[in-house]
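Heads up, the sequence shown is in the UniProt record's numbering, so the first residue is 1 and it goes up one at a time. What follows is a short report on a single structure.
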Amino acid sequence: MSQTELPPTESVSPRPPAGPSDFFSELSHADDLYGKLWTLANNLWWSWHPECDAIFRDVDPIRWRQLGHNPVALLREMTPERLADRAGELVLHSRINYAYRRLQEYLTSSQTWASTNAGVLGAKPVAYFSAEFGIHESIPIYSGGLGVLAGDHIKSASGLGVPLVGIGLYYSQGYFRQYLDEDGFQGEDYLETKIENLPIQAALDSDGQPLTVAIDTRDGQLFAKVWLMHVGRVRLYLLDCNVDGNKPEDRELTSRLYGGDERTRIRQELVLGVGGVKALAALGIDPGVYHLNEGHSAFGALQVVRQLMDNDGMTFEDAVQLSARATCFTTHTPVPAGHDRFPPALVEEHLGPLRDALGISQKELLALGRVDPDNDNESFCMTVIGFKMSRCANAVSSLHGVVSRRMWQSMWPDRAENEVPIGHITNGVHVASWLAVQMQTLYDKHFHTDWKHRLQEPDAWQAIHDVDPGELWETHNSLKHNLISFVRRRFSRQCRRRGESDNVVEAARHILDPRVLTIGFGRRFATYKRANLLFSDMDRIAELLGNSDRPVQLIYAGKAHPKDEPGKKFIQEIANLRHDPRFAGRVAFVEDYDINVCRHLIQGVDVWLNNPRRPLEASGTSGQKVVLNGGLNCSILDGWWGEAFNGGNGFAIGNGRSHVSDEITDRRDAESLYQTLEEQVIPCFYTRDSDGLPKFWIKRMMNSISTLAWRFSSHRMVADYTAKSYVWAAGGVTCEMRYR
Ligand SMILES: *Cc1c(COP(=O)(O)O)cnc(C)c1O
């Protein structure tokens, strides 16, 4: 990373240090045990190393769970003396020393995938902008798939050694904590995170002072403090508006993710984009590539243009050319509500001063966010400016690429649809974060010793076919038991919190049966995801669940956006099934879906169900996490599954078509879902050989792992971004991605 470019100082006002880590900074010299653990807790690297996670857990298993798996909070409660006692009792010394040494080796090693494949990025890192980052459940600055994808992206960039820094926002209350009331209706709790309990410190400017950036609006300045978090080798910078100098309402600007109105939204995006680019400059970081993960950060491109004009004396047109060549833009959804649009007045209020500096008119600025520059009735769209300010754009699955080229074809009126310069790079997941320890042990035993260094290569995974089927099945079943214990614990706790009778709480402790085919469904309750599709015919699903020879049980989890009443109704319908004797004990809704709940679900289910209305699921990633742990996907041929399913590595719902009428599509898909379950999934699961093993099922598990795990890993994804976007953008070469 280049530290040579000195920042412009005009908009940088250092603030007094307020870093939560100051108190402990003397301990991070790490010649003592406490200091070493503190160092481990302050790099999120620990979260994808189970042996390190286990150290924190073993130090105090009860507090570990109560504190939401937060090692900083755990250590802050402990004195070095108490830790020394615990370490003595548990013989933790060698484990701590070993983990500490491995972290140091990791941080200093220079032999990485990127050192041979992305040398051109060298001194100029990729600046990866995202409105949310889902890294671990203890850091609540994400809401769902987009954030978890960004978290997985930076973890894989770290693993591959791709020089990259992340830029995001610090949300002091995160998204929201979900609970269901007595009627099964979703309520939302907003809890203030104690920042001193996060592995975060004030980012320092080139004078060693805590950094605050200022962003001009027509209505005064906005200030944001910059925090730094270490995610392996990657630095993640988070902007936080809760600082002196801001008006009271602006101090709360970044407190919630996806909360507030249009004005909150544009101000957050101004801070993320423009503030983010300013922060990089002030930190002395000179990116070679700007990657805009979704349109939220697209205003940043205008600040890059401004810097080129200010520093290099370029004209606006030349600066746009140059900055666009260095910018990659990823669009994430075909759902219209997923594309932020702002009225001209809000754009002028917030971008006006920057527009003055760029020397362009109001109409010229608005044109950057309009498909048709001359249409004064068009609102300003962040996706449109994302496309216009980049020369390298992609969707997140093959099908989403096709849909996006059609959707945005009018932006390139002289091109045929398949010539529209939007390619695709299919999403993937960070293997080490989502793989259960038990499965990892199995792979370690049977795979080539270097498999963890070749996650994105098909060869690394082929040895799954040599594993003894009984061993694979046993491993899966132990994970399924873990899941069921987890659901029972959560479910009974939910009942207790609602003040239900002792009988109900006790019954909740015994729901679900580990021998029964278990289907999981966990995701946002956006209506297009049709969480209730399985309940289109109540008699038919009751018959499947209650079947005495071949029963089925269901675990649901997911949040609806606070303003999404229909989504909340879906949750209520499903949660209240527990009052229906036909479903009681066979259906569980687990509240407060987050990375922790997701991890339990995807590691333990037999089948992961996904039935969105095609083609609205741009990619989906939770099913990819299931693959790693031996679960099978049963899904509509949409998003990633459309390119993943090969007939023998899971199950398909429907035939990859949809009708123009949603009603007809839903009816057809429901029928196909029931048929797939009745004719394929259930018989395959319950057909056992003389050893009691479902051998055709196990064959599918092996096929799923060998054909999908490498392809849908985020290592493969980041390697693709590097080869198809970053190295071109860093070289200043227009890298239009084309796929037909
Ligand atoms: C992986 C993940 C998602 C994304 O899952 P989809 O399949 O895209 O719905 C959402 N939320 C959490 C907490 C996740 O871990």
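Where is the CB? At the ideal position from N, CA and C, for every residue including glycine.
- Within the same chain, and ignoring the five residues on either side of His-291 in sequence, the residues whose Cβ sits closer than 6 Å to its Cβ are Val-126, Tyr-128 and Cys-328.
- Rounded to whole angstroms, Tyr-190 and Tyr-179 show a C-alpha spacing of 11 Å.
- Rounded to the nearest angstrom, the gap between the Cα atoms of Gly-273 and Glu-196 is 26 Å.
- Excluding the 5 residues flanking it on each side, Asp-32 has same chain C-beta neighbours closer than 8 Å at Pro-80, in chain order.
- The continuous stretches of beta strand (DSSP E) do not include Met-309, which lies in the alpha helix (DSSP H) extending over residues 300-312.
- Here Pro-615 is buried: its Cβ has 16 or more other Cβ atoms, across all protein chains shown, within 10 Å.
- Partner residues in the beta bridge of Asn-43, as assigned by DSSP, are His-230.
- Following the DSSP letters along the chain, one finds Ala-214 inside the beta strand (DSSP E) bounded by residues 212-217.
- About 6 Å separates the Cβ atoms of Asp-240 and Thr-254, confirming a contact at the 8 Å cut-off.
- In this structure, Leu-198 keeps its C-beta atom at 7 Å or more from the C-beta atom of Pro-163.
- A distance below 7 Å between beta-carbons, with the five flanking residues on each side excluded, links Ser-379 to the following residues of its chain, in chain order: Arg-341, Phe-342 and Pro-343.
- Straight-line spacing of the CA atoms in Tyr-34 and Gly-168 works out to 30 Å.
- The segment 505-524 makes contact with the segment 555-562: 3 or more CB pairs, one atom from each, lie closer than 8 Å.
- Per the coordinates, the alpha-carbon of Asp-537 lies some 17 Å from the alpha-carbon of Arg-586.
- Per the DSSP secondary-structure output, Tyr-128 pairs in a beta bridge with Gly-166 and His-291.
- For Glu-188, the enclosing beta strand (DSSP E) begins and ends at 186-189.
- The C-alpha of Arg-613 lies about 11 Å from the C-alpha of Val-335.
- The continuous alpha helix (DSSP H) containing Trp-697 extends over residues 695-708.
- For the pair of segments examined, the segment 69-88 was found not to touch the segment 465-482: the number of CB pairs separated by less than 8 Å stays below three.
- A check of alpha carbon separations from Ser-323 across Thr-330, Phe-525, Thr-621 and Leu-308 identifies Leu-308 as the nearest.
- For the pair Thr-108 and Ile-139, the Cα-to-Cα distance works out to about 25 Å.
- Positions of the alpha helix (DSSP H) runs, each at least 4 residues long and wholly inside the segment 30-105, are given as 33-41, 50-59, 61-66, 71-77 and 80-90 in order along the chain.
- Per the DSSP secondary-structure output, Asp-240 pairs in a beta bridge with Lys-225.
- In the DSSP assignment, the residues bridged to Val-607 are Ile-519 and Leu-632.
- DSSP places Thr-327 in no alpha helix (DSSP H) but in the uninterrupted beta strand (DSSP E) bounded by 327-330.
- Secondary structure remark: continuous beta strand (DSSP E) runs of at least 3 residues inside the segment 366-447, in chain order: 392-395 and 422-424.
- At a threshold of 6 Å, Ile-595 counts as near ligand 1, since its beta carbon sits closer than that to one of the ligand's heavy atoms.
- Taking 7 Å as the cut-off, the beta carbon of Phe-185 is found no closer than this to the beta carbon of Gln-494.
- A distance criterion of 6 Å places the beta-carbon of Val-607 beyond contact range of ligand 1, judged by its closest non-hydrogen atom.
- Taking the Cα of Leu-479 as reference, the smallest distance to any Cα among Arg-599, Lys-563 and Ala-41 is reached at Arg-599.
- Burial of Arg-391 is indicated by the presence of at least 16 other C-beta atoms within 10 angstroms of its C-beta.
- Between the C-alpha atoms of Ser-94 and Val-165 there is a straight-line separation of about 32 Å.
- The beta carbon of Gly-369 lies closer than 6 Å to those of Phe-380, Cys-381, Val-384 and Ile-385 in the same chain, with the five residues before and after it left out.
- Beta-bridge partners assigned by DSSP to Tyr-179: Gly-187.
- A direct Cα-Cα distance of roughly 38 Å separates Asp-638 from Gln-111.
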